[in-house]
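To keep things clear, I will list the structure first and then write my remarks on it.
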């Protein structure tokens, strides 16, 4: 038994021991026949044990009291003052007993009073143990001939009823306190759950924002650097005497760099919404590649339709990444073919963007995702953008007369603005 259990049992054990000592003193102090004293000692021991069990095992204490009472009546054993400690058992049954024990103890109060009245009626007031003073207490208030039953009933009901009601009141007070404590714990847990959910949502929002920022920076910087690199490489093939062409190339490089810096600033300062695209939309991307010295064969089929801002941004970034890959991985002497196919509205509801470029050194064993630069923002970035709006991406290599051709096709659902 640990220290906590000892602390719980110690008060009950001390009270039971006190009842036992008082009962033994009362039993040995009376002028009875020696053979009669063991019965009183047995009553004192049973009463002490019942008191000791009143908290830990109220049902057992109630059973022990009833067993002691039955044996006492059957053996015509006088009532003892120490039996007043039955009030402790009544309190314990109402305070700590189960629901069944509470009801049984409540029914035991009038039953015990009735049995006491009958017992006294059969054997007279002598069973109240004259030396104990109980008989004198009754006689001072009621005549034996007329109202002794009332006295016995009042004493019995008061002895058991008052502590039982006190125990029941404390039981409900403790239950109310426990319910309030449970409610407070539940409220704290609910508040903690709300806080954790809000924190998780904030972390998810920040991570999504970080991912979007990285994707936008990759698209903007990657495209601009690819254009600048292409322009710088083309300058190597200019005649040394053609200073004007060299100046135009350097001017184009500077313009591309300034535009790239502006795009990066817009990306970094736009934290809640996707970074805005450049004025001119998809056409500006195609013209920028042409300005870098690459030949671009662009075709547009169908009626151009205005797109919502979200779809316009996705279309711009996807085409931007397509052109970046074409510049980085395509042959400079072969044109970059760009096709925009707008839906006619009858049965087609998707804008199709397709970019084709001839690969300089095909490797049939190379996976299609190898055109990505390793940052995880190339083809996968396009797929994530398209998935977010219900679009799709297709990447293929084909053998064509001019050489192995790399084709990237994106479908963007067109919704009314």
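Residue numbers (UniProt numbering): 1 to 417. Note that the Cβ used here is the ideal one computed from N, Cα and C, for glycine as well. A quick note: this is a predicted structure, and the numbers were derived from the prediction, not measured.
Between the alpha carbons of residue i and residue j, how many angstroms are there, rounded?
i, j, result
"residue 11", "residue 23", "18 angstroms"
"residue 115", "residue 105", "15 angstroms"
"residue 9", "residue 58", "14 angstroms"
"residue 370", "residue 358", "Summary for residue 370: the model assigns pLDDT 40, below 50, so the residue's position carries little reliability, and this model does not support an answer."
"residue 391", "residue 194", "35 angstroms"
"residue 400", "residue 199", "54 angstroms"
"residue 150", "residue 162", "17 angstroms"
"residue 45", "residue 187", "49 angstroms"
"residue 17", "residue 82", "12 angstroms"
"residue 418", "residue 403", "Residue 418 lies beyond the range of the chain shown here (1 to 417); nothing can be said about it."
"residue 65", "residue 87", "11 angstroms"
"residue 258", "residue 268", "15 angstroms"
"residue 15", "residue 43", "16 angstroms"
"residue 79", "residue 191", "60 angstroms"
"residue 406", "residue 196", "47 angstroms"
"residue 344", "residue 352", "12 angstroms"
"residue 308", "residue 263", "20 angstroms"
"residue 215", "residue 234", "28 angstroms"
"residue 171", "residue 178", "10 angstroms"
"residue 13", "residue 85", "14 angstroms"
"residue 164", "residue 158", "10 angstroms"
"residue 290", "residue 205", "38 angstroms"
"residue 240", "residue 313", "41 angstroms"
"residue 99", "residue 210", "60 angstroms"
"residue 333", "residue 266", "34 angstroms"
"residue 189", "residue 208", "28 angstroms"
"residue 29", "residue 75", "20 angstroms"
"residue 35", "residue 93", "Only weak support is given to the placement of residue 35: the predicted model assigns it a pLDDT of 48, under 50, and the question is left unresolved by the model."
"residue 376", "residue 244", "Low confidence applies here, because residue 376 scores a pLDDT of 42, under 50, leaving its location unreliable and the question unanswered by this model."
"residue 299", "residue 281", "15 angstroms"
"residue 41", "residue 63", "19 angstroms"
"residue 254", "residue 328", "19 angstroms"
"residue 127", "residue 107", "At residue 127 the pLDDT is 49, less than 50, meaning the model places this residue with poor confidence; the figure from the coordinates comes in the next sentence. Each residue's Cα considered, the two are about 24 angstroms apart."
"residue 201", "residue 284", "37 angstroms"
Is it buried or exposed for residue i, if we count other Cβ within 10 angstroms and need 16 for buried?
i, result
"residue 320", "buried"
"residue 26", "buried"
"residue 70", "exposed"
"residue 118", "exposed"
"residue 103", "exposed"
"residue 72", "buried"
"residue 340", "buried"
"residue 393", "buried"
"residue 212", "buried"
"residue 173", "exposed"
"residue 101", "buried"
"residue 366", "Residue placement at residue 366 is poorly supported in this model, since its pLDDT is 43, which falls under 50; the coordinates are not used for a value here."
"residue 52", "buried"
"residue 386", "buried"
"residue 288", "buried"
"residue 156", "buried"
If you check the beta carbons only, do residue i and residue j fall under 8 angstroms apart?
i, j, result
"residue 414", "residue 350", "yes"
"residue 20", "residue 60", "no"
"residue 326", "residue 355", "yes"
"residue 37", "residue 96", "no"
"residue 260", "residue 220", "yes"
"residue 252", "residue 236", "no"
"residue 342", "residue 302", "yes"
"residue 168", "residue 109", "no"
"residue 311", "residue 203", "no"
"residue 336", "residue 323", "yes"
"residue 39", "residue 77", "yes"
"residue 89", "residue 152", "no"
"residue 166", "residue 91", "yes"
"residue 331", "residue 360", "yes"
"residue 338", "residue 286", "yes"
Does residue i have its Cβ less than 8 angstroms from a Cβ in chain B?
i, result
"residue 281", "Within the model displayed, chain B is absent; a lone protein chain is all it includes."
If we require 4 or more residues per run, which alpha helix (DSSP H) segments fall completely within the region 252-314? 281-291
Please confirm if the region 379-394 is in contact with the region 404-412, defined as three or more CB-CB distances below 8 angstroms between the two stretches. yes
Minimum length 4: unbroken alpha helix (DSSP H) runs contained in the region 1-67: The DSSP assignment places complete alpha helix (DSSP H) segments of no fewer than 4 residues inside the region 1-67 at 3-28, 37-52, in order along the chain.
Count the CB pairs spanning the region 175-186 and the region 217-225 that are closer than 8 angstroms, and state whether there are at least three. no
Counting pairs of beta carbons, one from the region 246-258 and one from the region 295-303, are three or more of them closer than 8 angstroms? The region 246-258, when compared against the region 295-303, does not touch it at the 8 angstroms Cβ threshold.
What are the uninterrupted segments assigned as beta strand (DSSP E) that are 3 or more residues long and contained completely in the region 174-250, given in chain order? none
Complete alpha helix (DSSP H) runs within the region 66-128 (minimum length 4 residues, chain order): 86-96, 99-123
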